[in-house]
Each structure stands twice: as C-alpha cells, then as structure tokens.
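Student: This is the structure I want to talk about, given as structure tokens.
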C-alpha cells in the first residue's frame with residue numbers, strides 16, 4: 263500500500279514541477295509592454311462613462327496586442343509630458359497619444375514607420391463668420407493654443423516670426439479643446455486651428471454651432487503633419503517593437519479592421535488616405551542621447567525672459583496677502599464676534615484645499631459669478647478684458663493670507679504681556695503700545711515663518727500656467743514642447759528656483775538680524791531711561 267501511495271505522490275509532484283517549468287518558460291517568452299497615454303485627448307485616448315480607458319489609439323493598440331502573442335500590453339495614464347519622461351526612464355516601452363513627427367523629436371525618439379491615422383487640418387470659426395477663409399486671413403485674429411508640443415503652437419510661432427507686422431494674437435492655455443470651441447461660439451476667441459477628426463467628433467457629441475473650414479493638403483502640411491504615429495525608445499528593443507507594430511498596422515489596414523475602428527471611435531473612415539510604408543529605419547546599438555547637459559544651461563537664458571512675471575506675481579501677492587493676513591490675525595487675536603468664526607472658516611478652507619484647486623475656482627469661478635450677476639442684475643460685466651495674471655494674484659493672495667494670518671497671530675500672542683503692561687504704566691496709549699511695543703516684537707517673532715511662506719509662494723507661482731500666465735515654469739515647458747526634452751528643461755527651471763530661494767533666504771536672514779539688533783538697541787535705551795527705570 264505504502265509503495266503505491268509513494269508512487270502517486272511522486273507522480274503528482276512531477277506534474278506540478280513540469281507545469282511550473284512550462285509556466286515559467288511561457289512567462290519568459292512573453293515581453294510585457296507598458297504604454298504611456300494621457301487619457302485626456304478625446305477621441306484618441308479618454309475615459310468613457312464607465313471610467314474605462316478607451317479611444318481610437320487605445321483600440322488600435324489592443325487590436326495589435328491580439329496579433330502579437332510575444333507581447334503582453336497594458337496602459338498607464340499620466341500627463342502628456344510624463345509620457346516622454348517615462349520612455350526616457352524605461353518605465354514605458356511606447357507611447358500612444360496621436361503624436362506627430364518633427365526632426366527634433368525624431369532625434370531622440372523612435373517613431374513608427376507606418377502611420378495608423380491620417381488627419382487634415384481645419385479652421386474652426388463662429389457660425390456664419392466670413393472674414394476667415396484660409397491661413398492668409400489669420401493675421402490680427404485671436405486664438406488659444408496649448409503649449410505642450412501642439413501643432414497649433416508650432417504653426418502660430420512660425421507664422422508670427424514670418425509676419426511680424428500682422429501676427430496672430432494668441433494666449434497659451436492648458437484649457438481643454440471644448441472650452442476653446444465654446445469661447446469661439448461666444449465671440450471671445452476668433453478661431454482655432456484643429457484636427458478634422460477631433461473637431462468633427464466634438465461637433466457631433468456636443469452639438470457645437472461652428473463653421474469648419476477644410477484646408478487643402480498644401481496648407482495642412484504648413485500647420486501639422488497629417489499622419490499619427492506610435493512612439494518608441496530609440497533602442498534595439500524599441501526597434502523590434504516598432505517593426506512588429508508596423509507590420510501589424512499594415513495587416514489591420516489591409517483586412518479592414520482599422521477602418522472599422524475609425525468608424526467606431528472617430529465617427530468616419532479616416533483610413534483611406536493612409537499610405538502603406540514598407541521602409542524600415544535601423545537604430546544603432548549605441549546608447550541614445552537621453553540627457554543633454556548642454557541644453558540645461560542653454561535653456562536658462564531663454565527661460566529667464568519670464569522671470570519678471572514670476573517676481574511680479576510673488577511681490578504683489580506677498581503684499582496683499584500680508585495686509586489681509588494682518589487684518590485676519592488682529593480679528594482673531596482680539597476675538598471679535600461674528601468676524602472671528604467667519605475668518606476661522608476662511609483660514610480652514612484655504613489651508614485645507616490644494617492651491618491648484620483654488621486657482622481653478624478663481625480663474626473659472628469669477629467669470630461664472632459675473633454671468634449670474636449680469637443675468638439677475640441686468641449688468642454687462644465682462645472678464646474678457648481682465649488679464650489672467652490678475653486672477654492668479656487674487657488666488658495666491660487669498661491662499662497666502664491664510665498662512666500669514668496664523669504666523670502673525672502667533673507672533674502677537676508670543677509678545678510678553680509684561681512689556682505691554684509696563685508701556686501702559688509709562689503713560690502710553692493702547693494704540694501707542696501696540697505700534698511701538700507689540701507690533702515690532704510680533705513681526706520679529708513671525709518673520710521666520712513669514713519668510714518660509716514667501717519662499718513657498720515663489721515656488722507656488724509654478725502653477726500660474728494653469729491660468730494662461732507664462733512664468734518661468736511655463737517657459738521651460740514651452741521650450742521642451744518642441745523636442746520633448748522636458749527633463750532638461752525642468753532641471754533648468756529647478757536651478758533658477760533654487761538660486762531665487764537662496765537669494766531670498768539670505769535677504770530674510772539679513773533682515774531678521776537687523777530687526778533683532780534694532781530691538782536690542784531699543785531695549786537698551788529703555789533700560790537706560792530714568793523714567794523707565796523709576797516706573798519699573
């Protein structure tokens with residue numbers, strides 16, 4: 263009996279061992295591919311009503327995944343700039359985000375040889391508008407462009423360089439395309455350069471009342487490359503993956519699958535104009551130039567052009583936040599009824615919510631509030647003429663005031679009550695006591711905390727770009743958008759911020775030492791005063 267049981271045990275263990283070896287072998291034969299995408303570029307990559315990642319680019323990659331058993335493909339959503347940082351760090355093995363080629367980008371990344379998309383350029387204008395019919399009519403007109411390497415950015419910058427006497431009037435903004443098209447409908451913006459696929463998709467979905475002017479191929483290529491490509495790292499592994507994808511895309515074109523996906527996700531068949539490309543680029547085995555140290559330093563002078571904007575926002579916001587913070591601190595210090603609980607709520611909200619959210623609430627909330635006021639009061643207030651920087655200063659001032667108020671209040675409460683009582687005993691009025699004794703000491707005590715807040719405010723200005731204000735962070739992003747070398751640009755920006763904080767911290771330390779020295783000198787005068795000694 264026992265020998266029989268032993269044989270069965272050996273047999274079962276052998277089966278499990280063989281199965282494990284087979285499973286391990288299968289895993290070794292399959293290469294895992296992580297695809298970077300932003301999930302925010304409808305209809306190419308976006309989240310549907312079930313919060314599932316979908317879109318034309320995603321569907322094409324999934325269709326190719328079924329054809330390539332040697333790969334196991336998954337997706338990760340990040341912001342657009344993070345896609346390329348992920349490829350540089352080998353986190354992502356490819357990018358799927360309707361990306362077009364240019365020589366600067368191709369010098370760093372490997373683009374597919376076979377496009378999976380063909381897109382014409384169009385001009386979107388307000389319905390029934392007749393003064394814009396071609397690219398020749400865009401001079402002096404207003405538009406909004408995305409700065410993250412968009413074709414609109416490249417075209418407008420080149421157009422203005424060649425038409426300095428009649429440039430396109432533009433503002434940079436990270437707002438979504440739907441908001442831009444709504445601005446056109448409301449007359450806030452004159453036009454938008456768009457991809458035929460995207461604008462048609464949004465018109466169908468949101469019933470936008472826009473006129474779309476189609477541009478011929480000769481004008482399309484002035485604006486954008488009509489083909490869309492997947493992007494891979496410039497390595498041997500990236501080349502092998504690129505070649506496999508190129509072959510699979512050709513198969514999808516020939517068997518009609520790509521046309522079906524185009525109809526499903528883009529609403530029309532945009533595959534007919536795609537040219538099948540049989541050529542293949544071979545990479546070298548040398549390490550790709552992932553980091554260019556020279557670019558870090560050459561970027562700095564170009565980014566410093568936007569330094570005055572950063573300093574101006576910081577200075578004005580610091581002044582207003584200090585004044586408002588002082589008022590709040592006094593109210594809370596004196597425990598004034600009604601106002602104290604209101605300011606307690608204000609401080610709690612400002613300190614408990616992200617600054618980025620507060621910027622959005624200010625930038626988009628104030629115009630909405632004015633629309634309600636106009637509707638119910640019959641007024642005609644407009645935010646179109648208000649510079650975006652004003653919204654940024656309001657948001658930063660309100661946010662920083664909450665922190666400044668607590669620093670000032672802590673300083674007020676830390677002043678020795680005995681000194682205040684002595685000043686009153688000498689015959690000073692309460693106001694004189696506050697101005698000459700309490701306030702100077704409170705500010706000296708609060709200065710380190712206020713200095714830290716100022717440093718934080720400078721770094722916080724990097725969020726100003728969310729409200730279409732070009733500061734030094736946005737300047738770095740604009741530079742990198744042309745060649746996707748975001749890492750070098752962000753290091754340049756970091757170095758500038760670092761130097762700024764070092765200088766400001768040094769100045770604050772000097773100020774703190776001077777105030778303490780003045781305070782000690784003043785205390786010495788009080789001690790030497792006979793009247794002061796007699797009163798004590």
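Residue numbers (this note's numbering): 263 to 798. Glycine included, every Cβ here is placed at the ideal spot set by N, Cα and C.
#1: Could you please give me the residues that DSSP links to residue 657 through a beta bridge?
#2: Under 8 angstroms, do residue 628 and residue 605 count as touching if we go by C-beta distance?
#3: On the CB-based measure, 16 or more other CB atoms within 10 Å of its CB, does residue 771 come out buried or exposed?
#4: Where do the N-terminal and C-terminal ends of the beta strand (DSSP E) with residue 360 fall, by residue?
#5: Grouping DSSP H, G and I as helix and E and B as strand, with all else coil, what is residue 746?
#6: Spatial neighbours of residue 602 within its chain, please: CB distance less than 7 angstroms, with the 5 preceding and 5 following residues excluded, ordered by chain position.
#7: For residue 676, collect the residues of the same chain with a Cβ closer than 6 angstroms to its Cβ; drop the 5 residues on either side in sequence, then sort them by chain order.
#8: What would DSSP say about residue 667, mapped onto helix, strand or coil?
#9: With a threshold of 16 other CB atoms inside 10 Å of the CB of residue 778, please say whether the residue is buried or exposed.
#10: Is residue 387 a contact residue of the ligand HEM, with contact defined as CB to any heavy atom under 7 angstroms?
#11: For residue 623, which of 639, 660 and 636 has the nearest alpha-carbon?
#12: Identify the residues that DSSP records as bridge partners of residue 298: which are they?
#13: Near residue 430, what residues of its chain come up, given a Cβ to Cβ distance below 7 angstroms and the 5 sequence neighbours on each side ignored?
#14: Cα separation between residue 337 and residue 358?
#15: Does the beta-carbon of residue 286 have 16 or more other beta-carbons within 10 angstroms, so that it is buried, or is it exposed?
#16: Please determine, among 476, 520 and 502, the residue with the shortest C-alpha to C-alpha distance to residue 397.
#17: Have a look at the DSSP bridge pairing and note the partners of residue 647.
#18: Using the Cα positions of residue 553 and residue 746, report the straight-line distance between them to the nearest angstrom.
#19: Write down the C-beta distance between residue 490 and residue 351 rounded to the nearest angstrom, noting that I regard them as a contact closer than 8 angstroms.
#20: Taking its Cβ as the centre, do 16 or more other Cβ atoms sit within 10 Å of residue 517, making it buried, or is it exposed?
#21: When the Cα of residue 732 is compared with those of 505, 749, 715 and 755, which residue comes out closest?
#22: Return the first residue and the last residue of the beta strand (DSSP E) that residue 431 is part of.
#23: Count the other C-beta atoms from every protein chain shown that fall within 10 angstroms of the C-beta of residue 797, then say buried if there are 16 or more, exposed otherwise.
#24: Quick one: measure Cβ to Cβ for residue 743 and residue 415, integer angstroms, because I've assumed they're closer than 8 angstroms.
#25: Based on Cα-Cα distance, which residue from 492, 346 and 308 lies nearest to residue 375?
#26: Between the C-alpha atoms of residue 360 and residue 306, what's the straight-line distance to the nearest angstrom?
#27: Could you give the residue range of the alpha helix (DSSP H) that holds residue 476?
#28: CA-CA distance, residue 412 and residue 440?
#29: With DSSP as the reference, please indicate the residues paired to residue 495 in a beta bridge.
#30: Can you say whether residue 383 is buried or exposed, counting buried as having 16 or more other CB atoms within 10 angstroms of its CB?
#31: Determine whether the beta carbon atoms of residue 537 and residue 325 lie at a separation below 8 angstroms.
#32: Evaluate contact between the stretch 563-578 and the stretch 708-720, counting only Cβ atoms and requiring at least three cross-stretch pairs below 8 angstroms.
#33: Between which two residues does the beta strand (DSSP E) carrying residue 602 extend?
#34: Output yes or no for whether 8 angstroms exceeds the beta carbon distance between residue 609 and residue 726.
#35: Which residue from 388, 512, 494 and 502 puts its Cα closest to that of residue 454?
#36: Could you check whether the stretch 313-320 touches the stretch 507-516, counting it as contact only if at least three pairs of C-beta atoms, one from each stretch, sit closer than 8 angstroms?
Tutor: Put simply:
#1: Numbered from its first residue, the chain shown carries residue 657 at position 395. Note: residue 657 sits in no beta bridge, so no partner.
#2: The residue you call residue 628 lines up with position 366 of the chain shown. The residue you call residue 605 lines up with position 343 of the chain shown. By the CB criterion at 8 angstroms, residue 628 and residue 605 fall outside the cutoff.
#3: Residue numbering aside, residue 771 sits at position 509 when the chain shown is read from its first letter. Residue 771 comes out exposed.
#4: In the chain shown, the residue the question calls residue 360 occupies position 98. Run containing residue 360: 356-361, per the beta strand (DSSP E) assignment.
#5: Here residue 746 is taken as the residue at index 484 of the chain shown, counted from 1. Looking at residue 746 - three-state DSSP - the assignment turns out to be coil, as it is neither helix nor strand.
#6: On the chain shown, position 340 is the one that residue 602 refers to. For residue 602, the CB contacts under 7 angstroms within the same chain, skipping 5 residues up- and downstream, are 593 and 594 in chain order.
#7: Numbered from its first residue, the chain shown carries residue 676 at position 414. Taken in chain order, the residues that qualify are 707.
#8: The count along the chain shown starts at 1 and reaches residue 667 at position 405. Helix at residue 667.
#9: Residue numbering aside, residue 778 sits at position 516 when the chain shown is read from its first letter. Under this definition residue 778 is an exposed residue.
#10: With respect to the ligand HEM, the structure offers nothing, as it holds no ligand at all.
#11: The sequence position of residue 623 within the chain shown is 361, counting from 1. Nearest option by C-alpha distance: 660.
#12: Working through the chain shown from its first residue, we reach residue 298 at position 36. Under DSSP, residue 298 takes part in a beta bridge, and its partners are 338 and 357.
#13: Against the chain shown, residue 430 aligns to sequence position 168. Contacts found: 400, 401, 403, 405, 418, 421 and 422.
#14: Here residue 337 corresponds to residue number 75 of the chain shown, with the count starting at 1. Here residue 358 corresponds to residue number 96 of the chain shown, with the count starting at 1. When rounded, the separation of the alpha-carbon atoms in residue 337 and residue 358 is 9 angstroms.
#15: The count along the chain shown starts at 1 and reaches residue 286 at position 24. Only weak support is given to the placement of residue 286: the predicted model assigns it a pLDDT of 48, under 50, and the value that follows is read from those uncertain coordinates. By the 10 Å Cβ count, residue 286 comes out exposed.
#16: As a working mapping, residue 397 is identified with position 135 in the chain shown. Selected option, being the one with the closest Cα: 476.
#17: Indexing the chain shown from 1 puts residue 647 at position 385. Under the DSSP definition of a beta bridge, residue 647 lacks any partner.
#18: Counting from one through the chain shown, the residue named residue 553 turns up at place 291. Counting from one through the chain shown, the residue named residue 746 turns up at place 484. Distance between the alpha carbons of residue 553 and residue 746 is about 11 angstroms.
#19: What you label residue 490 is simply residue 228 of the chain shown in a count that begins at 1. What you label residue 351 is simply residue 89 of the chain shown in a count that begins at 1. That belief does not hold up - the Cβ atoms of residue 490 and residue 351 are roughly 24 angstroms apart, past 8 angstroms.
#20: In the chain shown, residue 517 corresponds to position 255, counting from 1. Burial state of residue 517 is exposed, judged by a 10 Å Cβ sphere holding fewer than 16 other Cβ atoms.
#21: Here residue 732 refers to the residue found at position 470 when the chain shown is read from its first residue. Of 505, 749, 715 and 755, the residue nearest in Cα terms is 755.
#22: For the purposes of this step, residue 431 is taken as the residue at position 169 of the chain shown. From DSSP, the beta strand (DSSP E) with residue 431 extends over 431-434.
#23: Walking along the chain shown from the start, residue 797 turns up at place 535. Confidence at residue 797 is low in this model, with a pLDDT of 41, below 50, so its placement is unreliable and no value can be given for it.
#24: For this step, residue 743 is matched to residue 481 along the chain shown. For this step, residue 415 is matched to residue 153 along the chain shown. Residue 743 to residue 415, Cβ: 6 angstroms. Contact.
#25: What you label residue 375 is simply residue 113 of the chain shown in a count that begins at 1. That would be 492, whose Cα lies nearest to the Cα of residue 375.
#26: Translated into positions along the chain shown, residue 360 becomes position 98. Translated into positions along the chain shown, residue 306 becomes position 44. Taking the straight line joining both Cα atoms gives about 7 angstroms.
#27: Counting from one through the chain shown, the residue named residue 476 turns up at place 214. Taken as a continuous stretch (DSSP letters only), residue 476 belongs to no alpha helix (DSSP H), being part of the beta strand (DSSP E) at 472-476.
#28: As a first step, residue 412 must be located in the chain shown, where it is residue number 150. As a first step, residue 440 must be located in the chain shown, where it is residue number 178. If you draw a straight line from the Cα of residue 412 to the Cα of residue 440, it is about 16 angstroms long.
#29: Looking up residue 495 in the chain shown gives position 233. DSSP lists 371 as partners of residue 495.
#30: For the purposes of this step, residue 383 is taken as residue 121 along the chain shown, with counting starting at 1. Residue 383 should be labelled buried.
#31: If you number the chain shown from 1, residue 537 lands on position 275. If you number the chain shown from 1, residue 325 lands on position 63. Contact flag unset, no.
#32: Yes, since at least three Cβ pairs between the stretch 563-578 and the stretch 708-720 fall closer than 8 angstroms, the two stretches touch.
#33: Your numbering for residue 602 matches position 340 in the chain shown. It is not in any beta strand (DSSP E) - residue 602 instead sits in the alpha helix (DSSP H) that spans 601-614.
#34: Here residue 609 refers to the residue found at position 347 when the chain shown is read from its first residue. Here residue 726 refers to the residue found at position 464 when the chain shown is read from its first residue. Remark: C-beta atoms of residue 609 and residue 726 do not approach each other more closely than 8 angstroms.
#35: Here residue 454 corresponds to residue number 192 of the chain shown, with the count starting at 1. Ranking the options by Cα distance to residue 454, first place goes to 388.
#36: With a cut-off of 8 angstroms, the stretch 507-516 and the stretch 313-320 do not count as touching, because too few Cβ pairs lie within range.
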